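Working notes, beginning with the structure itself.
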Amino acid sequence: EATTVFTEMWRLTDKKIRGVAAANDGLGNAAIEVLKKDKMNGKVPVTGQDATVQGLQNILAGDQCMTVYKPIKLEADAAADLAIQLYKGQTPKIKDNGRVKDPESGSYIPAILLTPIAIDKKGINTVIKGGFVEKKAVCAGRFEQLCKDNNIK
């Protein structure tokens, strides 16, 4: 469906979209597939999120500028720490910046806010070293040489 939606957007704007900030790498890939048909991949900046194999390969190919990586271990550790504090009846320790505004009530709710990491070609090793994806998956097939060229370890 994302390909259909982006195709229609591309058509309705007379192919004048100048950038795509996709909610995730899969949606970014859908935009890239449409852009490829007009040889605009790599010319229209596309970003994604989730540091998927597909997203990282699109970055290596020059079709996607970056992806957002949120290390799962850090998220899991933060959630586990919070759960333990709540289980023990403790008031959770939240950083000063750990509040988000509830759009319904307008009140601020405590939150654990972790810093996402922007990943471009230079950062792909960070995702692999973090164990989120395997090098053999990212560097498979036609991406093997691109991995060598970009010093992916």
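If you're matching positions, the sequence shown starts at 12 in the working numbering and goes up one per residue. For each residue, glycine too, the CB sits at the ideal point set by N, CA and C. On a predicted model such as this, the values are computed, not experimentally measured, just so you know.
Contacts around residue i, its chain only, beta-carbon distance under 8 Å, and the 5 residues preceding and following it disregarded
i           : result
residue 148 : 64
residue 76  : 56, 57, 58, 70, 131
residue 93  : 103, 123
residue 51  : 26
Cβ of residue i within 8 Å of any chain D Cβ
i           : result
residue 114 : Judged by its chain identifiers, the structure shown contains no chain D, having just a single protein chain.
From the options, residue whose alpha carbon lies closest to that of residue i
i           : options           : result
residue 125 : 118, 36, 138, 110 : 110
residue 36  : 74, 50, 157       : 74
residue 112 : 43, 105, 127, 122 : 122
residue 86  : 127, 103, 24      : 127
residue 105 : 89, 22, 99, 21    : 89
Beta-carbon spacing of residue i, residue j below 8 Å
i           : j           : result
residue 38  : residue 138 : no
residue 146 : residue 163 : yes
residue 49  : residue 81  : no
residue 154 : residue 83  : no
residue 135 : residue 161 : yes
residue 157 : residue 72  : yes
Per-residue burial, residue i [other beta carbons within 10 Å of its own, 16 or more giving buried]
i           : result
residue 97  : exposed
residue 2   : Residue 2 lies beyond the residue range present for the chain, which begins at 12 and ends at 164; the question has no answer from this structure.
residue 193 : Because residue 193 is not part of the residues shown, which for the chain are 12 to 164, the question remains open.
residue 42  : buried
residue 91  : exposed
residue 62  : buried
residue 78  : buried
Opposing strand residues paired with residue i [DSSP bridges]
i           : result
residue 119 : 112
residue 58  : 32, 77
residue 52  : 55
residue 129 : 79
Contact set for residue i: own chain, Cβ-Cβ below 7 Å, skip 5 residues either direction
i           : result
residue 34  : 60
residue 44  : 14
residue 17  : 41, 42, 45
residue 29  : 55
residue 21  : 28, 45
residue 150 : 158, 163
Same chain, Cβ closer than 6 Å to residue i, neighbours up to 5 away in sequence not counted
i           : result
residue 159 : none
residue 53  : 73, 74
residue 141 : 82
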